Amino acid sequence: MSAAADIIRVPKAPTSWSWGAALVGLCFLLACAAPFGLNGYGLYLLTLTEIFALVALGLNLLTGYAGQISLCHASFFGVGAYATAILTQKAGLPYLLSLVAGALFTTAIGALVALPALRLKNIYLAIATLGFGVVLQKIIFEWRSLTGGGGGLALTAPQIAGYELGATGLYYLTLAFLTVGLFGAWNVSRGRTGRALLVIKESEIAAGSLGINAARYKVTAFAVSAFYAAIAGGLFAYLVRYINPESFSVGLSISFLSMVVIGGLGTIGGSILGAVFYVIVPELLRGIKDAPGLVFGLLLVTVMVFMPQGLWGMVRRLARRSAR
Amino acid sequence: MTRLVIEDVSVDFGGIHALKDVAFSLESGSIVGLIGPNGAGKSTLLNCISGITRPSRGRVQLDGTVLSAMSAAAVARHGIGRVFQHPELVADLSVHDNLLIACHRSLDYGLVSELLRLPSVRQQERAAADKVASVLSRLGIADSAGTSVRSLPYGHRKLLDLGRALLMDIRFLLLDEPIAGLNDSEIARLGEILLGLRKEFGLGILVVEHNMPFVSRLCDRLVVLDLGQLIANGPPAAVLSDARVMSSYLGEVADA
Amino acid sequence: MIANLIVGGLAAGCLYAMVGIAIVIVLNITDIANFAQGEMAMVTTFFAYWLMDGVGLPWWQAVSIAIVFGLVQGIVIQQVVIRPLIGGPVLSAIIATLGLNVVLNSLAGLIWGHQTYTFPSPFAFSPPFLIGGVHVSVDSVVNIAVGLVIIICMTLFLRFTWTGLSLRAASQNQTVARLMGVSITKSSAIAWGLGGLVGGIAGILVAPSLFLDTNLMSALLIKAFAGGVLGGLNSLIGVFFGCLALGVAENLTGAYLSPSFADAITFIIIIAVLTLRPEGIFGRVKVRKA
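Protein chains in written order, with the numbering used here: chain G, 1 to 324; chain L, 325 to 580; chain F, 581 to 870.
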């Protein structure tokens with residue numbers, strides 16, 4: 001049996017593996033060296049990109065793999081931000097602990113949001129999640145005693161083991177979380193959960209006939225994506241040092257979704273590229289008089305029309321062509 | 325020996341009686357053909373057994389366990405495999421990976437282990453890939469392993485669906501028109517595969533088909549449905565010469 | 581008091597319904613949720629305003645030309661942006677409409693600036709009706725009447741004309757429709773044209789009450805989607821009643837439960853309805869054969 005398996009198992013081309021690994025390694029090294037080459041603003045942008053990449057990774061699992069549209073991820077992001085901030089600032093817990101505890105709390109909310117959403121699809125699911133987003137944002141706004149309401153919360157620099165975390169420290173912490181998050185997402189994509197989600201997206205009937213409990217996996221996908229968004233939110237809160245409910249609106253949820261689609265839905269590389277697009281491109285357009293929004297919108301439309309598989313799809317096509 | 329019992333199953337869709345008091349049983353190790361004109365309710369009956377449709381009356385039982393009260397996923401977990409008339413495969417994945425999905429139930433690592441890709445995960449994944457390889461060679465489509473499903477011919481999609489069912493540790497196999505899209509040599513091979521499955525694993529097989537020669541060569545028994553009702557149940561030769569069966573297919577038989 | 585709230589809610593709901601009808605026409609025939617619908621309507625409305633203010637045309641002429649502009653705008657957008665995306669992933673098309681949303685908003689801002697204009701209505705000085713002791717403005721009555729007329733016309737069109745029939749065929753099953761000689765791109769163009777037309781009417785009816793600026797339709801868009809989902813997005817009547825219901829629910833919760841939570845509560849109601857009936861109140865389930 002095993003001998004046949006050796007012959008029949010699909011061989012993975014060794015060249016593409018080593019190129020890919022080398023590229024990832026190079027990016028990682030560059031990322032580690034970044035604080036030495038960038039000024040304060042550049043480092044801020046890079047940290048923000050990595051934070052958004054974390055959100056995109058989680059959302060990609062939910063929308064790209066499980067096929068569930070969510071318009072409330074800005075709220076998971078916001079709840080994570082507020083939970084971390086409140087636990088650190090008001091309860092006095094260590095930053096890292098608040099980050100994880102806040103994320104676990106948000107994960108529970110994500111699982112709850114998934115439940116009514118189990119029977120919904122497409123635009124119906126989008127509107128239902130949008131509704132949840134509105135409700136969560138409203139709760140943050142109204143619970144003034146806890147969250148500071150519309151006035152927002154101003155935050156002091158976080159500490160790890162007694163050392164204050166400055167811009168560089170926060171950058172490395174974000175990079176660490178992103179690396180772990182990438183590793184986790186990649187493993188899920190190669191594991192039984194990732195495959196189960198793909199079947200569920202394709203056909204719930206097929207999933208049923210394979211003994212896969214679609215409901216359980218949809219809830220898992222919502223929960224995991226909420227976790228990613230919440231960690232990102234907790235990092236974001238301390239990057240910008242001031243959060244208010246307005247920042248975590250439907251518009252941001254729509255941006256998150258666009259980010260994942262632009263990058264390439266269902267691909268992990270796409271999550272990174274989408275975040276880069278969303279942070280860097282508006283920065284580049286900032287100089288254009290009168291119409292940064294116009295150009296950005298045009299770019300969005302152009303990318304979608306000419307690259308429906310997203311930026312990552314284009315990268316893969318170019319790589320394949322140059323390999324020939 | 326295990327027995328799958330369809331007990332007086334009726335299905336009503338609004339005012340339409342898709343199935344009316346259908347009763348028969350399927351033993352492990354036997355191959356039964358389900359035939360009947362179009363619209364007779366054959367796919368509906370398969371859906372009832374698979375748990376996709378709930379019977380309005382009656383039950384489906386597997387050795388005393390009532391399947392008709394369960395979800396489709398639970399029914400699949402009890403060992404009922406299904407090959408669909410229009411298989412829904414994951415278009416973005418290769419043949420190999422589509423089959424790997426079917427190993428889902430045999431992999432039992434948790435989410436955290438999966439996130440960390442622990443050694444136990446790697447080991448189980450390798451074992452699953454081996455199982456997939458052996459199913460691919462049994463079905464004779466091993467060289468398509470890396471092909472994307474999108475470019476697969478229709479008949480091979482059915483074979484892939486069969487492969488998925490086989491990877492699931494099943495005791496009964498339901499096939500909905502499995503030879504549509506296959507050429508003669510492929511049809512012969514499928515027949516051999518099914519006979520082999522019966523011999524090696526003692527599977528009970530229920531086949532919905534329109535191809536009479538295929539069905540009478542392969543099956544121990546034929547069950548005939550017409551307009552939702554069971555009108556014959558017996559060995560192929562007897563059933564195919566039954567006057568009621570002939571008239572259901574051909575309309576009224578003229579007086580000889 | 582409650583009668584006033586209900587009438588006010590119906591009037592607001594009507595505004596959502598106008599946009600909702602445009603959305604549903606495009607959604608049902610091309611499977612794309614057009615997130616640029618509001619901005620398209622806004623551009624058409626600004627065009628009408630320019631015809632009246634800059635060119636000096638009377639209301640009826642300006643509005644008639646603008647409505648045709650809306651139709652053309654829809655077709656042009658479909659040909660340039662949507663046609664290349666037919667057959668691809670739906671989410672890509674939706675994100676493209678989001679991009680379009682931004683483009684149109686910025687364009688309008690560049691051309692007409694960010695001030696607020698007053699958009700005239702021929703009924704502005706007519707006295708309100710008195711129905712059952714409640715004052716109902718003529719605008720509201722006109723909105724509801726126009727909404728119903730559009731629904732009736734669309735339903736007749738879809739059911740009793742060859743074009744309408746081919747549109748419905750295209751929405752059900754593209755392959756079979758093609759085999760019967762229906763051009764999918766042509767159907768898509770007609771659908772988007774109709775969406776642009778109806779959206780333009782919506783904008784022109786909405787503008788007098790909400791004042792014309794580049795953000796005229798952005799708040800309405802989400803409400804239109806929400807009301808449509810509540811009523812069931814695959815039926816024109818469903819969208820109409822869903823949006824009306826949404827308007828009334830908002831007013832009532834705002835007055836009796838909590839003004840600040842009105843939005844949140846109406847969404848909770850929508851989610852509750854969807855939990856019990858995932859296809860919306862009047863929606864029909866799409867049957868899938870195993």
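Positions of the beta carbon are idealized from the N, C-alpha and C atoms, including for glycine. Just so you know, these numbers come straight off a predicted model, no measurement behind them.
Can you check which of these residues, the options, is closest to residue i by C-alpha distance?
{"i": "L:I529", "options": "L:A342, L:I404 and L:E331", "result": "L:I404"}
{"i": "L:D336", "options": "L:L521, L:T377, L:G464 and L:Q448", "result": "L:T377"}
{"i": "F:Y629", "options": "F:T696, F:F821 and F:I849", "result": "F:T696"}
{"i": "F:N814", "options": "F:G863, F:V656, F:P638 and F:I730", "result": "F:G863"}
{"i": "G:S98", "options": "G:P158, G:L153, G:P116 and G:G67", "result": "G:P158"}
{"i": "L:H410", "options": "L:L417, L:M536 and L:Y478", "result": "L:Y478"}
{"i": "L:E331", "options": "L:L391, L:V459 and L:G526", "result": "L:L391"}
{"i": "G:S75", "options": "G:A128, G:F248 and G:G169", "result": "G:F248"}
{"i": "L:R522", "options": "L:L564, L:G353, L:L328 and L:S349", "result": "L:G353"}
{"i": "G:N60", "options": "G:M259, G:E283 and G:L285", "result": "G:M259"}
{"i": "F:Q617", "options": "F:I851, F:S798, F:A842 and F:V809", "result": "F:S798"}
{"i": "F:F703", "options": "F:N723, F:A597 and F:L710", "result": "F:N723"}
{"i": "L:V333", "options": "L:G363, L:V407, L:V356 and L:Q385", "result": "L:Q385"}
From which residue to which residue does the alpha helix (DSSP H) around residue i run?
{"i": "L:V333", "result": "L:V333 -> not in any alpha helix (DSSP H); beta strand (DSSP E) instead, spanning R327 to F337."}
{"i": "G:H73", "result": "H73 to Q89"}
{"i": "G:K201", "result": "R192 to E202"}
{"i": "F:I861", "result": "No alpha helix (DSSP H) contains F:I861, which DSSP labels as neither H nor E."}
{"i": "L:A556", "result": "Per DSSP, L:A556 belongs to no alpha helix (DSSP H); it is in the beta strand (DSSP E), Q553 to G558."}
{"i": "F:I657", "result": "W639 to I657"}
{"i": "F:I609", "result": "I582 to T610"}
{"i": "G:F277", "result": "I268 to L285"}
{"i": "F:D633", "result": "Q617 to D633"}
{"i": "F:I674", "result": "V670 to W692"}
{"i": "L:L424", "result": "V419 to A426"}
{"i": "L:K366", "result": "K366 to S374"}
{"i": "G:Y44", "result": "G40 to L59"}
Taking the CB atoms as reference points, tell me whether residue i and residue j lie closer together than 9 angstroms.
{"i": "L:L358", "j": "L:V569", "result": "no"}
{"i": "G:F227", "j": "G:T106", "result": "yes"}
{"i": "G:R192", "j": "L:C543", "result": "no"}
{"i": "G:L62", "j": "G:A232", "result": "no"}
{"i": "F:V786", "j": "F:L777", "result": "no"}
{"i": "F:A804", "j": "F:G600", "result": "yes"}
{"i": "L:V459", "j": "L:L491", "result": "yes"}
{"i": "L:T326", "j": "L:R495", "result": "yes"}
{"i": "G:V261", "j": "F:L671", "result": "yes"}
{"i": "G:G274", "j": "G:G266", "result": "no"}
{"i": "L:S461", "j": "L:V419", "result": "no"}
{"i": "L:A400", "j": "G:L210", "result": "yes"}
{"i": "G:G78", "j": "G:I200", "result": "no"}
{"i": "F:S768", "j": "F:Q653", "result": "no"}
Who pairs with residue i in a beta bridge, going by DSSP?
{"i": "L:T389", "result": "L:L386"}
{"i": "F:Y697", "result": "F:L792"}
{"i": "L:Y433", "result": "Note: L:Y433 sits in no beta bridge, so no partner."}
{"i": "G:Y163", "result": "G:I160"}
{"i": "G:Y242", "result": "G:A154"}
{"i": "F:V714", "result": "F:I711"}
{"i": "L:R381", "result": "L:S334"}
What are the start and end residues of the beta strand (DSSP E) that includes residue i?
{"i": "F:L736", "result": "Here F:L736 belongs to no beta strand (DSSP E); instead the alpha helix (DSSP H) covers V718 to F740."}
{"i": "L:F348", "result": "I340 to E351"}
{"i": "F:V778", "result": "It is not in any beta strand (DSSP E) - F:V778 instead sits in the alpha helix (DSSP H) that spans I764 to L790."}
{"i": "L:G405", "result": "I404 to V407"}
{"i": "L:D550", "result": "R545 to D550"}
{"i": "F:F709", "result": "F709 to I711"}
{"i": "L:L358", "result": "I355 to I359"}
Unbroken stretches of the alpha helix (DSSP H), 4 residues or longer, contained in the segment 456–533 of chain L: 478–490 and 508–525
Looking at chain C, which residues of the segment 72–96 of chain G have a Cβ within less than 7 angstroms of any of its Cβ atoms? Absent from the structure is chain C; the protein chains it does hold are G, L and F.
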